[in-house]
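Numbering follows our numbering, in which position 145 of the sequence shown is assigned residue number 197; successive positions increment by one, without gaps. A quick write-up on the structure given underneath.
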Amino acid sequence: MFANRRFAFLLFLLAGLTAAGIFRDSPLAHDAGGDEAPPAAPTLDQLASGRLPVVDLGWPLNDTSPYWPAENYLPFRLTTIATLEKNGVLSKAFYCPEHLGTHLDAPNHFEKNQPAVDQIDPAQLFARGVKIDVTMQADADADYRLTRADIDEWEKSHGRIPDGVVVLLETGWSRHWNNYPRYKNQDTTGKLHFPGYSAEAAKFLVVERKAKGLGIDTLSIDHGPSKDFVVHHIVNGAGRYGLENLARLDKLPAKGFFLVAAPIKIETGSGGPARVFAIVPGPAGRN
Ligand SMILES: [Zn+2]
């Protein structure tokens, strides 16, 4: 029921976008590049009938899933309440910190007077996406932070980042997901080491490009060593959200995809586990 209603809403939203001509005039329609005629605009029927590639950007949750290594944060736990054999029905219960696994950081996570996860306007959870790949830089420096120069470079190759997208930062870190010690990469002093956004880059994306949210394939949009969580403050202070521990960003093109982020609706929550999907129309999706 819940999933159906959400899906119905997605269809409604996409219908609106299509009716408004946003798909037709979007970079989506022009991604083929070169002299080829632009591909036909994606339709809701294509989405509903499975003809548009959808990439699942979430990790499955289990008791070995990486979690934020601080006091009072605990691993995911699943217990069985009833079984088909004993009770004729399978039913389970789970325990999960809000910020575990693939999840959304609500604007109230780091800033006062900002929406909780249940108060985020649903329209904010549907967006065009762009992906910036800093895998090479992060391979050379685990503490790497996305720079303004990286963004300029991206825009030189792919055009201006449209207003109101969700920006995803691919660092290559997801290859460590199944190895929690490697994923958090904590040194002997307790400091974490993994890549993230710089304050300058985050401010530019949120203010100059009006990004609805910033996502990443690590534990945090701030890089590991951060103590002040300045990127979280910038993003949440502007009323925007973060998406963390994303999977399969390597399956996405640099632009031309749509994102759906559906966090659990915890009243007053500071975030929560989320299903995150990328719809990838056009040639980039057919690989
Ligand atoms: Zn978080």
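Ideal placement from N, C-alpha and C gives every residue a C-beta, glycine not left out. Computed from a predicted structure; not experimentally measured.
| query | result |
| --- | --- |
| Please find out if some non-hydrogen atom of ligand 1 comes closer than 8 Å to the beta-carbon of S272. | yes |
| Would you identify the three-state DSSP class for T131, choosing helix, strand or coil? | strand |
| Going by the C-beta, is D157 closer than 8 Å to any heavy atom of ligand 1? | yes |
| Indicate the three-state DSSP secondary structure (helix, strand or coil) for F256 in the structure shown. | helix |
| Measuring only the C-alpha atoms, how far is W229 from S117? | 8 Å |
| Is it right to say N160 is buried, meaning 16 or more other beta carbons lie within 10 angstroms of its own, or is it exposed? | buried |
| Note down, in chain order, each residue of its chain lying with its Cβ closer than 6 Å to the Cβ of V106, except the 5 sequence neighbours on either side. | F329, I331 |
| Please state the DSSP three-state secondary structure of Y196. | coil |
| Quick check on the DSSP output: the beta strand (DSSP E) that includes L220 runs from which residue to which? | 218–222 |
| If you follow the alpha helix (DSSP H) that G308 is in, where does it begin and where does it stop? | Unbroken run through G308 is the beta strand (DSSP E), 307–315; no alpha helix (DSSP H). |
| Tell me the residue span of the beta strand (DSSP E) that contains E378. | A query on residue 378 cannot be resolved here, the shown segment of the chain reaching from 53 to 339 and no further. |
| Secondary structure at H161, three-state DSSP: helix, strand or coil? | helix |
| Please state the DSSP three-state secondary structure of P233. | helix |
| Drop a sphere of 10 angstroms on the beta-carbon of N139, count the other beta-carbons inside from all chains shown, and report buried for 16 or more, exposed for fewer. | exposed |
| What are the start and end residues of each continuous alpha helix (DSSP H) run of 4 or more residues lying completely inside the region 242–289, in chain order? | 251–255, 282–289 |
| Roughly how many angstroms separate the alpha carbons of A49 and E137, rounded to a whole number? | Outside the shown range of the chain, which is 53 to 339, sits residue 49, and nothing can be said about it. |
| Tell me whether L295 sits in a helix, a strand or coil according to DSSP, three-state version. | strand |
| With DSSP run on the structure shown, which of helix, strand or coil describes P325? | strand |
| Using C-beta distances below 8 Å, list every residue in its chain close to E260, excluding the 5 sequence neighbours before and after it, in chain order. | none |
| In terms of residues, what are the limits of the beta strand (DSSP E) holding A179? | 178–185 |
| What are the partner residues of V107, as DSSP defines its beta bridges? | A330 |
| The alpha helix (DSSP H) that contains D115, what's its start and end? | Note, D115: premise wrong, no alpha helix (DSSP H); not H, not E. |
| Which residues bound the alpha helix (DSSP H) around L99? | 96–100 |
| Can you tell which of V312, C148, I318, K255 has its C-alpha closest to the C-alpha of L99? | V312 |
| Is DSSP giving L136 helix, strand or coil here? | helix |
| Classify L301 as helix, strand or coil using the three-state DSSP reduction. | helix |
| Taking the alpha carbon of G110 as the reference point, which residue from V141, T131, T154 has its own alpha carbon closest? | T154 |
| For the putative contact between R292 and G321, defined by C-beta atoms under 8 Å, what is the C-beta separation to the nearest angstrom? | That pair is no contact at about 16 Å. |
| Based on the DSSP output, what are the partners of L156 in its beta bridges? | L295, G324 |
| Roughly how far, in whole angstroms, is the beta-carbon of L152 from the beta-carbon of P315, given that I think they are within contact range, below 8 Å? | With a Cβ gap of about 12 Å, L152 and P315 do not count as contacting. |
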